[in-house]
Amino acid sequence: MKIRFKVQPYQTSAVEAVVDCFAGQPRVDERLPGFELGRGARSPAFDEVVANADFAIDEARLLANVQAVARRQNLPVPSSLTDFTTLDAKGEIVPVKPAYRRDALAATGVHLDVEMETGTGKTYCYIKTIFELNKRYGWSKFIVMVPTIAIREGVAKSLEITAEHFAESYGKRARCFVYNSKLLHELESFSSDAGINVMVMNIQAFNARGKDNRRIYDELDDFQSRKPIDVIAANRPILILDEPQKMEGAATLEALPQFKPLMILRYSATHRTRHNRVFRLDALDAYQQKLVKKIAVRGIQTRGLAGTHAYLYLEGIEVTRSAPVVRIELEMLQESGAIVRKLRRLTPGDDLFAASGQLEQYRDGFTISEIDCHRDTVEFTNGLVVKAGEARGDVAESDIRRIQIRETIKAHLDKEKQLFAQGIKVLSLFFIDEVAKYRDYARADEKGEYARIFEEEYAQLKDEYLAELALDNTAYRHYLAGVEVAATHSGYFAIDRKTRRLKDPAVGARSVESDDVEAYDLILKDKERLLSLTEPTRFIFSHSALREGWDNPNVFVMCMLKHSDNSISRRQEVGRGLRLCVDQQGERIDAPAMVHEINVLTVVASESYQDFVTGLQREIADTLTGRPGEIVEAQLPRVEDGRKPKANPLNANFDTAEFQALWRRIGRQAVYRVEFDSDALIRQCAEALDRQLRVTSLQYGMRRGVQRDDLSDETLRQGEGFSLMESVTEWAQAAPAQVSYDLLGRLAERARLTRRTVAGILQRIAPAVFEQYRLNPEHFIAEAARLIHEQKAAITVRHLTYAAVDERYDMGIFTAAQSGQDFSRATPRLNKHVYDYAIVDSEVERRFVQALEASADVTVYAKLPRGYRIPTPMGDYNPDWAICLREGSGAHRHVVVETKGSPSLTALRDIERAKAECARKFFDAIGSDSDDGELSYLVVSDFDELMDAVKQVERA
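Counting along the sequence shown from 1, when you hit position 833 you're at 833 in UniProt numbering, and nothing is skipped either side.
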């Protein structure tokens with residue numbers, strides 16, 4: 001299979017942010033005069049060098065462009081192109097050292113930074129930027145400079161797999177190669193070819209001391225007495241630095257001027273030194289826009305037991321139709337007298353003393369008294385409370401590793417069962433610190449400790465899952481049963497060329513990353529093959545030093561089977577699995593309504609959930625710079641507890657005749673059509689702006705305070721060391737004149753209308769209303785876009801019609817919704833719901849469920865799965881409830897309900913109100929030609945509102 005690429009708006013914005021910095025630069029395609037490249041005779045191939053044209057715009061125009069882009073991106077606006085800063089040892093922003101500034105400006109006067117979170121397609125963006133710079137300005141010579149072999153190989157692979165995609169968009173292909181000092185004919189072609197040329201180079205090729213690395217600076221007989229660096233410099237290449245924070249050593253910085261770059265573009269998620277930032281998509285942006293996977297963590301915490309050595313590990317709690325079941329690993333006495341640790345499924349009332357074969361350490365009060373699936377805890381009669389993920393008693397490192405491997409397999413199978421029907425291959429990745437733990441050549445079977453543990457635990461869990469699978473889930477049952485344990489795991493390591501055996505990768509003395517080309521070649525070569533469901537490999541073992549090479553989009557579970565250290569941050573660890581997954585057609589799974597239902601990366605940590613999450617969020621917060629206002633913890637990406645999601649089984653209510661009749665009514669699909677007059681839209685929008693558009697002037701506040709006389713340590717700590725003496729607020733008559741705005745473009749983008757339509761609206765509004773634009777352009781744009789969007793939604797709904805079609809929603813959406821449910825939001829066990837529990841989103845829903853259960857009028861009901869989505873012009877809509885109400889003479893009324901804090905449509909947000917009106921028309925369309933009872937769609941705040949509304953419908 002091949003991964004398919006599509007145009008993403010945020011990636012287009014990143015490209016435009018760079019390209020727009022050179023607005024005014026003419027496009028140049030001419031072949032420029034050659035350079036004298038050595039003392040000897042020149043090669044005919046270098047009589048002319050197709051170099052990048054120099055800047056035709058001056059520094060003032062360039063600075064103005066960069067400032068305009070920064071304002072557009074809501075970034076700090078530079079006052080000059082040379083305001084470089086960095087972070088000191090305390091994390092404070094300080095000016096760069098003079099030596100850094102000297103070397104940077106000796107290389108070029110143009111330095112631009114692009115900040116993009118790991119997993120959002122940074123490499124794709126700078127490849128597209130290469131094509132766009134060539135299209136707009138004619139520049140054709142580019143060097144991608146990287147800090148490691150891993151990134152180099154990854155970039156080369158990305159250039160290869162995106163070639164066809166960009167050829168379709170731009171009608172040309174880039175000539176790409178990896179620099180090799182022994183293959184200098186590639187460099188000759190780079191210099192003389194008139195097309196787009198991209199050289200990929202790792203910094204060791206020019207900043208190391210080895211003989212091969214120094215060839216770039218030598219006059220070479222086999223290169224016609226020329227220096228490779230001179231040939232490169234003659235092309236005035238554009239340098240693209242990937243992960244520049246890893247390339248700030250003195251040797252690298254001193255070497256950059258010798259390349260004579262036209263400009264330097266730096267791409268990273270974590271810039272340490274900042275130049276002119278023109279685009280930002282940080283960890284917070286990426287999470288909020290659902291561009292990366294959501295993170296869940298399964299932590300493991302060890303605790304001692306006072307006065308006993310009883311070993312316990314609470315793996316998790318399962319929700320069954322009878323009662324909650326707990327999975328506990330404990331020590332058990334065998335008939336042979338040996339003591340082994342085994343996993344048992346136990347229920348309330350079970351005694352660990354009996355279950356263990358009467359081992360003394362479990363004699364006193366180890367009977368299960370309560371299993372709480374909402375808090376994920378088990379309480380024993382001796383008062384001990386154990387939380388899921390806790391290991392207590394005599395816990396060695398080997399125990400932790402076995403637990404981690406088991407948890408990884410379990411998380412994998414849970415995810416695989418959920419996603420298999422959607423054609424999504426699930427991969428799990430183990431990082432280990434030495435090959436011998438996976439492949440031990442001293443043993444006859446060559447299986448290392450971790451490989452043996454994996455096969456033991458996998459075989460046991462596979463049998464358990466097959467026994468518990470629903471009988472009608474034949475496709476996944478066949479798939480799971482058909483994969484042999486030995487074929488489902490594989491090791492990706494370096495290979496010794498002489499013995500052909502796996503080996504530990506070579507790691508530099510001061511590095512935690514490997515430069516083993518063979519290992520990365522293997523990883524990257526198999527990237528697409530691993531995504532196919534026909535490939536049995538699902539669990540991958542790799543060396544932790546090779547982590548930079550792994551960015552497979554379908555890694556859903558990660559496990560670090562290694563000692564914790566400070567060389568690799570938690571953020572680096574999870575970064576390898578953040579990319580959104582693809583299906584069997586190579587299509588990215590990124591529909592906003594479902595993206596974080598499917599794309600969840602589970603990290604199996606060797607520390608507690610709380611410790612991992614606290615550390616990860618602190619690391620994320622430390623990277624968020626240049627944002628207006630203070631970042632609070634609630635804004636940070638939410639990291640879920642990987643043990644919270646549980647299966648919520650369907651029950652007998654699902655198969656009843658009443659619910660099946662309800663599903664026949666609402667399971668039908670429909671398509672919509674909208675026809676309206678653009679002139680009417682322009683007229684209504686202009687009238688709304690005249691009535692409601694009110695813009696607040698820019699305010700400037702001045703406060704004067706003095707330090708308190710009674711200053712103390714306590715007042716300083718409380719931030720009360722100064723007393724406010726005076727406060728003055730002034731209002732500006734107009735916004736600063738030097739700030740320019742593309743009013744039509746900004747409004748068209750926000751309102752999703754053409755520039756022509758927006759121009760028509762602005763031409764019709766009253767002059768006094770339009771004059772407010774001068775007072776506060778940002779507020780004017782925001783408010784105008786909101787009002788236009790409201791009118792657009794209203795007129796769209798009025799002119800919208802649905803037509804029922806033969807296609808139906810797949811009942812499999814109910815089966816898929818059984819797994820991965822967060823029971824911290826679950827109701828008590830229910831009697832009329834099609835699932836044993838309802839997972840509610842608010843107190844309004846919780847009270848609504850209580851009323852449904854208590855009412856004699858309710859026969860059966862369902863919280864509709866997220867897979868039940870109604871198409872609307874404002875995006876897909878997922879109603880809350882489907883309810884079957886009992887009427888006289890055995891008849892039933894079917895009702896689809898949206899529960900809100902207020903039942904009034906006028907109190908809802910405009911987008912919600914529009915979607916609700918669309919839903920009403922949708923259910924009218926699909927319910928008009930059936931004999932299975934009445935069908936209504938209602939928006940209510942509680943059950944009493946529902947029954948009143950039903951009575952009104954009956955009377956009507």
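For glycine and all other residues, C-beta sits at the position ideal for the given N, C-alpha and C.
Let me check understanding here. Comparing Cα to Cα, which of Lys863, Val940, Lys2 and Pro76 lies closest to Ile813? Lys863 is the residue among Lys863, Val940, Lys2 and Pro76 whose C-alpha sits nearest the C-alpha of Ile813.
Could you give the distance in angstroms between the alpha-carbon of Asp857 and the alpha-carbon of Arg886? 5 Å
How would you call Gln952, buried or exposed, if buried means at least 16 neighbouring beta carbons within 10 angstroms? exposed
Just curious, the beta strand (DSSP E) that Pro95 is in, first and last residue? Ile93 to Pro95
If contact is defined by three or more beta carbon pairs under 8 Å, each pair taking one atom from either stretch, is the stretch 237-244 in contact with the stretch 88-102? Short answer: they don't touch.
Report the residue ranges of all beta strand (DSSP E) runs contained in full by the stretch 858-928; include only those spanning at least 3 residues, in chain order. 858-863, 881-886 and 892-899
Roughly how many angstroms lie between the CA atoms of Ala17 and Ser842, to the nearest whole one? 41 Å
Pop quiz: Asn599 and Leu616 are said to be a contact at Cβ under 8 Å. What is the actual Cβ separation, rounded to whole angstroms? 17 Å between Cβ atoms; not a contact.
Quick check on the DSSP output: the beta strand (DSSP E) that includes Thr377 runs from which residue to which? Thr377 to Phe380
Please state whether DSSP places Ile240 in a helix, a strand or coil. strand
With 16 other Cβ atoms within 10 Å as the buried cut-off, status of Tyr837: Tyr837 should be labelled buried.
Residue interval of the alpha helix (DSSP H) (run including Gln660): Ala657 to Ile666
Since Gly423 contacts Tyr438 with CB under 8 Å, what's their CB separation in whole angstroms? Actually they do not touch by this definition, with Cβ atoms about 30 Å apart.
Sequence-distant residues of the same chain with beta carbon closer than 7 Å to Met874, five excluded per side: Ala793, Ile911, Ala914 and Lys915
Would you kindly work out how many angstroms separate the C-alpha atoms of Lys128 and Phe556, rounded to a whole number? Each residue's Cα considered, the two are about 28 Å apart.
Starting from the C-beta of Asn52, find all residues in its chain whose C-beta is less than 6 Å away, skip the five residues before and the five after it, and write them out in chain order. Trp139, Lys141, Arg236 and Leu262
Is it buried or exposed for Met811, if we count other Cβ within 10 angstroms and need 16 for buried? exposed
Given 8 Å, three or more beta-carbon pairs between the stretch 402-418 and the stretch 586-606: yes
Counting Cβ pairs, one atom from each stretch, are 3 or more of them under 8 Å apart for the stretch 661-673 and the stretch 777-794? no
Just tell me which of Leu220, Arg750 and Thr273 has its CA closest to the CA of His185. Leu220
Could you spell out where the beta strand (DSSP E) holding Cys559 opens and where it closes? Val555 to Leu561
Rounded C-beta distance between Leu624 and Val582? I'm assuming under 8 Å. Here Leu624 is actually not in contact with Val582; their C-beta atoms are around 29 Å apart, not less than 8 Å.
DSSP beta-bridge partners of Cys176: As DSSP reads the structure, Cys176 sits in a beta bridge with Val198.
Suppose contacts are defined by Cβ-Cβ distances below 8 Å. Is Lys290 in contact with Val595 by that definition? yes
Would Tyr137 and Gln67 be called neighbours here (beta carbons separated by less than 8 Å)? no
Is the separation between the beta-carbon of Gly109 and that of Leu87 shorter than 8 Å? no
Counting only the same chain and skipping the five closest in sequence on each side, list residues whose C-beta sits under 7 Å from that of Gln258. Around Gln258: Ile229 and Ala233.
So Tyr137 is in the alpha helix (DSSP H); what residue range does that whole segment cover? Per DSSP, the unbroken alpha helix (DSSP H) holding Tyr137 starts and ends at Lys122 to Tyr137.
Pull the bridge partners of Ile540 from the DSSP assignment, please. Leu429 and Ser490
Inter-residue spacing [alpha-carbon to alpha-carbon] between Lys227 and Gln204: 17 Å
When we look at the beta-carbon of Asp677 and count the other beta-carbons within 10 Å, is it buried (16 or more) or exposed? exposed
Please report the Cβ distance between Ile765 and Leu689, rounded to the nearest whole angstrom; I am assuming they are in contact, meaning their Cβ atoms lie under 8 Å. 5 Å
Put Thr801 into one of helix, strand or coil per three-state DSSP. strand
Where Glu248 sits in the DSSP three-state scheme: coil
Should the stretch 352-364 be called in touch with the stretch 332-339, which here means at least 3 C-beta pairs below 8 Å? Result yes; three or more Cβ-Cβ pairs closer than 8 Å.
Considering only their Cβ atoms, is the gap separating Tyr267 from Lys122 smaller than 8 Å? yes
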